[in-house]
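Since the structure comes first, as C-alpha cells, the remarks are kept for the end.
2 protein chains.
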Amino acid sequence: MSSDVSKPTSPTSPSSKATERSSVVRVGVLGGGQLGRMLALAGPPLGLRCVCVDPDVAPPCAWVAEHVQRSVDDPDLPSLLDGRVDLLTYEVEHLPIEALRRLERRFVLRPSVRAVEIAGDRLLEKTFLRDLGLRTAPFAAIDAPDEARAAVEQTGAPAILKTRRWGYDGKGQRRITHVDEAHDAAVSLAVPAIAEGFVRFSRELSIVAARGLGGDVRCYPLVENVHREGILRLTRAPASDVSSSLQARAEALVTRILEAFDYVGVIAAELFEVGDELFVNELAPRVHNSGHWTIEGAHTSQFEQHLRAIAGLPLGSPAARGASVMVNLIGELVDRDAVLAIEGAHLHLYDKAPRPGRKLGHITFVADEVSVLRARIAQLPEPLRSASLADFDATR
Amino acid sequence: MSSDVSKPTSPTSPSSKATERSSVVRVGVLGGGQLGRMLALAGPPLGLRCVCVDPDVAPPCAWVAEHVQRSVDDPDLPSLLDGRVDLLTYEVEHLPIEALRRLERRFVLRPSVRAVEIAGDRLLEKTFLRDLGLRTAPFAAIDAPDEARAAVEQTGAPAILKTRRWGYDGKGQRRITHVDEAHDAAVSLAVPAIAEGFVRFSRELSIVAARGLGGDVRCYPLVENVHREGILRLTRAPASDVSSSLQARAEALVTRILEAFDYVGVIAAELFEVGDELFVNELAPRVHNSGHWTIEGAHTSQFEQHLRAIAGLPLGSPAARGASVMVNLIGELVDRDAVLAIEGAHLHLYDKAPRPGRKLGHITFVADEVSVLRARIAQLPEPLRSASLADFDATR
C-alpha cells in the first residue's frame, strides 16, 4: 500500500479536530461478518464509528470499518483496543467467555457477558427461560453419551440432540426418532449437549427488541420466519394475523428477558406459536437475521437501534413502514441485475464467497399491500423464485 | 498505526478471493465530503466499493471509504488510481477541467466531463439551457469590470453578479439594486462573471433525476426548497400542490437536459416556479442536498441511484414513501440526544467541524401526513426549532 493512499483516519488518535466535531463514539464490534458490516454502515450518520475485531483477513466489515485482525481470545487484544474504542459490543454470540471477562475488566461491554454466556449455551439458556416462567421445549442435559437415553426418555422422542455451545444455522444437531438412537447420536456430537423434545407449533415467529441504558424497551412487530435445513430462508414482517394480545404477550415476554439480564442493546427471541401460547426457542443477544427487514421496513433499523442503545442514546421508533418480506441468499449468489430490475427491490450483498449453506446476502421488498410482496418475489430469477414463493406461501 | 491493526482491505489488489465473490465494482469518487460519504455508505450493499479522492487529511468520507489524499489536479493521481478503480465519478462540480480531461483519457468518467464543465460555469450553463429552449433568468457575460454596466442594463436591475465558476452556497455573489453599483460589484468579484436578472418566482423547486447507461430516465418527485443567505435550509418532499402536469413538465425538462448531455448518473435541477412556468436556476451534475430526503423518503436513495446508474445497473424506483421534510444543520451542531428523542427522526452527521455557514449534517422526518412533519419540527431544540418552523411555514 503506497503511502500516498491513506486509509480511513484512525479512530485511535483523537485529534483536536475530532474534539471540535460532534462527540464521536468509537464502538468496537467483536466479529466482522455481515452483522458487523451492517452495524458499521448504520453508525456514521449518528456520529458512531465502528472498529471490527475479526481474525479473517478480509471479513465483510472490512470495506466500511476499521478492522483489527485478531481473535477475540488473542491475549494482545485488550492492549490493541485500549484507547481506540469507547465501548465494545458483539455481532456473534458464540464467543470464548473467559476472553470476554478479560475484556470486561478493561472496557464497557454491552450487552453484558452474562447475557452472552447464557444465550450461547443451550442448557443455561433453556434453564434461564424456564426459571423466568417462560415456556420452552422439554429439555434435558447430556454431559456424557451414556446420559443420552435417560435424557431422551425425559423429553420424549422424536427429539433433537444439540451441542450446548457453538451451534448455528442447524450445525451441531442430530435429529432422532426413537430413544434407541440417542446414544449413537450423542457419540457423534460433541458433549456436553442437550436433548430437546419437539414442540408442535403452528408457526415460527420472532421478536426483536431493544433496551436502552435507562431501561426503556422498544419492540419491533412480531415477524414470521421460514427455515429450511436449519437456516432462515424468509421473514415476513409484520407477521400476518397477529392480535394485539399476541403482540402484547410477545413484548411482555421479551421485556422480562431484557430486564432479567439488565440488558443493553438489541436482542432477538425466536418463538414457536402453539395455539394461543408462545414458546421460546432460542435467544440471540445481538442483531438478528430476522430483523434485517427493519433497514427499509421500519422507522429505525435494528442496526441503528442497537448502536443507539449501547451508546446511551434515545431509542428510535420500531414501527413498521408497510409490509416487508426478506429473502436470504444462501449458498449461491443471484444475478444482481435481475434483482435490481425488480421494482422496489433492496439488495444487500455481504461480500462473502459462495459456499453451501452460507449466508451471502439478502433481498427485502417493502410494499403497502402484502399481495404486492408476492408479486415481487415472483419476479426473482430461478431457482430463488420458486423456493421463495414456496416459503412465502408457507407463511400464514 | 500498528501493523496489528489492518485497515479496510485494499481494493487495489484484486485477490483470487475477491473474484470468487460477486462482481465488485470499485468506484472512484472525486471529492470526499458528505456527498462522497453518503455515496460510500450506499455502495456496499450493492457490491460497489467507493474510493474517495480528497486533499483533506480527514474528510467526511474517511470513516467509510478508502481515501486517496490528493487533489484532483495532482499530476500523480492518474497513476495512483490506475488498477484501483473501475470507473470515476464526482461529488463536487467545481473541478479543474483540464485535470478531468487527463483522467478521462485513462478512466471511465460518469457523468461526462462536458456536463461538469458546463454545469460548473454559470455562463456556459445558462447558454446551454437557453439553447435547449428552457427558460432561465435574463443573464449577460461580464468578462471585465467595465462590461458590468452594459450587462446589468441588459438584464435589468436589481440583479445579482456571480462569478462564472467556483461559487456555492451563496459565495461569489454580489446583489445590486441599481445599475450604478454594477462596476464596483464586478471589481470586488473575480471576473469572468455574469449578471443575472431577478425572476419573480412563487417558490423554489428542484427535481432530482437519474439516467442509466442504457438511456432510461427515472425522476424523483418535485420538492420545494427554502434558502436563507444563499444556503439550502429545508426541503419538503414531495412539494405540495404539484399537479401531474407540473411534474410532467419538470420531468420533460430534466430529461431534455439529461439527453443533451448523454448523461449517466444523478443530476439535480434547481427550478423557479413562475405562474405556470418552470425556470431553471442552476444544475448540479451530481447527487444534491435537495435529494437527501430520498434516503428514508423514497424507495431508492439518490446515492444508490447514482451508483446504480454509473455502474450500469438497473435504476431503482424513485417513488416517495409518504411525506418528508429535510432540515439542514448549518454552522452549528445540534444536541444529538434531543434530536434522536423525536419519534421518527433520522439524523445524519457529516463529521465536520462547526464553522459559520457550513453544512454539518441534516435531519429527515418522514410521515404519512404532512401535519405530522410540522409537529416533529416543533420538537427540535432551539434555535433550530424556530428557524425550521418558519422555513416550513414558508413552503406552500
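If you're matching them up, the sequences are chains S and F in order.
Residue numbering for the first sequence follows the numbering used here, beginning at 283 and increasing consecutively.
Residue numbering for the second sequence follows the numbering used here, beginning at 283 and increasing consecutively.
By construction, the Cβ of each residue, glycine as well, lies at the ideal position given by its N, Cα and C atoms.
What you are looking at is a predicted structure, and each value in this text was computed from that prediction instead of being measured.
Item checked: Those residues which DSSP pairs with F:Phe647 across a bridge -> F:Val607, F:Ala627
Item checked: Contiguous beta strand (DSSP E) assignments of at least 3 residues, all confined to the region 409 to 439 of chain F -> 421 to 424
Notebook entry, point to check: By the criterion of Cβ-Cβ separation under 9 angstroms, what are the contact partners of F:Ser394 in chain S?
Noted result: Chain S residues near F:Ser394: none, gap ~23 angstroms exceeds 9 angstroms.
Notebook entry, point to check: Looking at S:Thr646 and S:Val508, is the spacing between their C-beta atoms short of 8 angstroms?
Noted result: Contact: no.
Next item on the list: Give a yes or no on whether the minimum CB-CB distance between F:Pro663 and chain S is below 8 angstroms.
Entry: no
Check: Can you tell me the Cα-Cα spacing of F:Ala660 and F:Trp448, whole angstroms?
Finding: 36 angstroms
Check: Under a CB-based cut-off of 8 angstroms, is S:Ser284 close to chain F?
Finding: Reliability of the predicted coordinates at S:Ser284 is poor, the pLDDT of 35 falling under 50, and the value obtained from them is presented with this limitation in mind. Yes, contact with chain F.
Next item on the list: Count the C-beta pairs between the region 573 to 585 of chain F and the region 465 to 482 of chain F that are closer than 8 angstroms, then say yes if the count reaches three, no if not.
Entry: no
Next item on the list: Measure the alpha-carbon distance for S:Pro636 versus S:Val616 and round it to whole angstroms.
Entry: Distance from the CA of S:Pro636 to the CA of S:Val616, rounded to the nearest whole angstrom, comes to 10 angstroms.
Margin query: Does the CB of S:Gly365 have a neighbour CB from chain F at under 8 angstroms?
Written below: no
Checklist line | Per-residue DSSP class, three states only, for F:Val621 | finding: helix
Next item on the list: Check whether the region 467 to 476 of chain S touches the region 388 to 408 of chain S, counting contact only when three or more Cβ pairs, one atom from each stretch, lie closer than 8 angstroms.
Entry: yes
Checklist line | Whole-Å CB distance - S:Ala464 paired with S:Arg431, under 8 angstroms assumed | finding: 5 angstroms
Check: Candidates F:Leu411, F:Arg603, F:Leu671: which alpha carbon is nearest F:Val609's?
Finding: F:Leu671
Check: Of the choices F:Gly314, F:Ser361, F:Ser668, whose alpha-carbon is the least far from that of F:Leu516?
Finding: F:Ser668
Margin query: Just checking: is the beta-carbon of F:Pro326 within a distance shorter than 8 angstroms of some beta-carbon in chain S?
Written below: So, interface residue.
Item checked: chain S contact for F:Trp232 (CB, 8 angstroms cutoff) -> Because chain F spans 283 through 678 in this model, residue 232 of chain F falls outside it and cannot be assessed.
Next item on the list: To the nearest angstrom, report how far apart S:Ile424 and S:Arg396 are at their CA atoms.
Entry: 22 angstroms
Notebook entry, point to check: Does S:Leu323 get closer than 8 angstroms to chain B when you measure Cβ to Cβ?
Noted result: No chain B is present in this structure, whose protein chains are S and F.
Item checked: Per DSSP, the bridge partner or partners of F:Tyr372 -> F:Leu312
Item checked: CB of F:Val490 within 8 angstroms of CB of F:Ser572, strictly -> yes
Notebook entry, point to check: Are the CB atoms of S:His628 and S:Ala601 nearer to each other than 8 angstroms?
Noted result: no
Margin query: Quick check on F:Ala660 - is its C-beta less than 8 angstroms from some C-beta in chain S?
Written below: no
Note to self: Can you list, in chain order, the residues of its chain with a C-beta nearer than 6 angstroms to that of F:Pro290? Leave out the 5 residues immediately preceding and following it.
What the structure shows: Confidence at F:Pro290 is low in this model, with a pLDDT of 42, below 50, so its placement is unreliable and no value can be given for it.
Notebook entry, point to check: Closer than 8 angstroms, Cβ to any Cβ of chain F: which residues of the region 334 to 353 of chain S, in chain order?
Noted result: Val339, Ala340, Ala344, Trp345, Val346, Ala347, Glu348, His349, Val350, Gln351, Arg352
Check: For S:Ser295, does the three-state DSSP call read helix, strand or coil?
Finding: The predicted position of S:Ser295 is uncertain, since its pLDDT is 37 and thus under 50; no value can be drawn from it.
Item checked: C-alpha gap between S:Gln436 and S:Phe421, whole angstroms -> 8 angstroms
Margin query: Judging by CA-CA distance, which residue of F:Ile612, F:Leu565, F:Gln584, F:Val461 is the nearest neighbour of F:His376?
Written below: F:Leu565
Note to self: Can you tell me whether F:Ser526 is buried or exposed? The criterion is at least 16 other CB atoms within 10 Å of its CB, across all chains shown.
What the structure shows: exposed
Checklist line | Beta-carbon gap between S:Tyr372 and S:Gly438 smaller than 8 angstroms | finding: no
Next item on the list: Would you list the one or two residues that DSSP bridges to S:Glu486?
Entry: S:Asn507, S:Phe554
Notebook entry, point to check: Using the rule of at least 16 other Cβ atoms within 10 Å of the residue's Cβ for burial, across every protein chain shown, is S:Trp345 buried or exposed?
Noted result: buried
Next item on the list: Going by DSSP, name the residue or residues bridged to F:Gly547.
Entry: According to DSSP, which records beta bridges pairwise, F:Gly547 is partnered with F:Arg493.
Margin query: Give me the residue from F:Gly318, F:Gly310, F:Cys334 with the minimum Cα distance to F:Asp368.
Written below: F:Gly310
Note to self: Spatial neighbours of S:Ala591 within its chain, please: C-beta separation below 8 angstroms, excluding the five flanking residues on both sides.
What the structure shows: Arg392, Ala492, Arg493, Gly494, Leu495, Val546, Gly547, Val548, Leu597
Check: Do F:Arg568 and F:Leu317 have their CB atoms nearer than 8 angstroms?
Finding: The answer is yes: Cβ separation under 8 angstroms.
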